[in-house]
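Residue numbers for the sequence shown follow my numbering, beginning at 4 and rising by one.
Note that beta-carbon positions come from the ideal geometry of N, C-alpha and C, so glycine has one too.
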Amino acid sequence: MKPFLEKHFGKAWMALVYLFLYLPLFFMVLFSFNSTRQDARFTGFSLRWYEALTRDTKIVEGFWLSLKVAAVTGVLSAVLGTFAAFVLVRYRRFIGRTVFSGMVNAPLVMPEVIIGLSLLLLMVGAQNLFGWPQRGMLTIILGHTLLGMAYGMVVIQSRLMEMDRRIEEAAMDLGARPHQVFFLVTLPNIFQAILAAFLLSFTLSFDDVVISEFLSGPGVNTLPQVIFGYARRGINPTIYAAATILIATVTLVIVGYAVWVARSTRKREREMAAAARQELKALGG
């Protein structure tokens, strides 16, 4: 009995953990096809809530706003995270490095309520002094970028630390200038990490409620804000339909990214193996 428990306890525990995490999502997807508003009993299959979703202007407008905010935030976070990671990895000694590293990493450990409140005070102060920026899409992007850049920097920094510096040194020995080494050698080698940073920042931005609540203006509400507002007034199956579409979209994106990474890795391994065989053949000849 004891060997049986030792062999299967871990698997059973992980199964319970995954069941706890994903069973609520399954029921949410199931009740998005429910024919009535009941959330305790499935009364029949229907697409009425998906039809109602297309007519709900608040959810549609919130979706497009969240999509635009997340796309811009993902690009800015990936670019700024790349620069921050490159500085911290490639330049070990410069004045203010400790302060810079602490400021870049601070959003990772700071509660989002504190980040949102501090950014709100900053935006209100700037608006009183300069009349800009107005609270809306721009301020939400700035707040989300602050958080996304920190997460993106961690992903890209780990890839830069694993990268073989001899490749860059060989490029410089062959006459490449520093900016050519960065764009032609370093950037292609860390591109997967940059893409992962973009996807992570995109997801964090699209899902964020706290910072968006502080920085959004009148009539400017992202999709999570709209869903949160609906949930406070009671269960609306339209929310289930919107969440189901988001789950399906995110799942497709993650699966597509995983397939692309796997194919790229296999292609790179084949190219390296072919290069090694050619080198051995040349040495043998």
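Cβ-based neighbour list, residue i, same chain, cut-off 6 Å, excluding 5 preceding and 5 following
{"i": "residue 226", "result": "65, 66 and 69"}
{"i": "residue 209", "result": "69 and 73"}
{"i": "residue 229", "result": "61, 62 and 65"}
Where residue i sits in the DSSP three-state scheme
{"i": "residue 108", "result": "helix"}
{"i": "residue 37", "result": "strand"}
{"i": "residue 48", "result": "strand"}
{"i": "residue 21", "result": "helix"}
{"i": "residue 166", "result": "coil"}
{"i": "residue 131", "result": "helix"}
{"i": "residue 219", "result": "coil"}
{"i": "residue 114", "result": "coil"}
{"i": "residue 224", "result": "coil"}
{"i": "residue 280", "result": "helix"}
{"i": "residue 177", "result": "coil"}
{"i": "residue 136", "result": "coil"}
{"i": "residue 239", "result": "coil"}
{"i": "residue 212", "result": "coil"}
{"i": "residue 97", "result": "coil"}
{"i": "residue 197", "result": "helix"}
Proximity to residue i [Cα-Cα], best of the options
{"i": "residue 58", "options": "253, 254, 245 and 264", "result": "245"}
{"i": "residue 206", "options": "80, 30 and 31", "result": "80"}
{"i": "residue 77", "options": "243, 143, 278 and 54", "result": "143"}
{"i": "residue 215", "options": "35, 15 and 122", "result": "122"}
{"i": "residue 239", "options": "31, 21 and 221", "result": "31"}
{"i": "residue 161", "options": "92, 98 and 24", "result": "92"}
{"i": "residue 2", "options": "267, 232, 213 and 198", "result": "Given a span of 4 to 288 for the chain in the structure shown, any question on residue 2 remains unanswerable."}
Cβ neighbour criterion (16 or more within 10 Å) applied to residue i
{"i": "residue 164", "result": "exposed"}
{"i": "residue 146", "result": "buried"}
{"i": "residue 87", "result": "buried"}
{"i": "residue 1", "result": "With the chain represented from 4 up to 288, any question about residue 1 goes unanswered, as that position is not in the structure."}
Same chain only: Cβ atoms within 8 Å of residue i, ignoring 5 sequence neighbours per side
{"i": "residue 174", "result": "183, 184, 187 and 188"}
{"i": "residue 38", "result": "46, 47, 48, 49 and 51"}
{"i": "residue 264", "result": "195"}
{"i": "residue 201", "result": "77, 78, 80, 81 and 155"}
{"i": "residue 140", "result": "68, 71, 72 and 223"}
{"i": "residue 166", "result": "189, 192 and 193"}
Other residues of its chain near residue i: CB distance less than 7 Å, five sequence neighbours each side excluded
{"i": "residue 110", "result": "118, 149, 150 and 153"}
{"i": "residue 56", "result": "62, 241, 244 and 245"}
{"i": "residue 234", "result": "242"}
{"i": "residue 126", "result": "136, 138, 142 and 218"}
{"i": "residue 84", "result": "152, 155, 156, 159 and 200"}
CB contact check: residue i to chain B, cutoff 7 Å
{"i": "residue 108", "result": "The structure shown contains no chain B; it is built from a single protein chain."}
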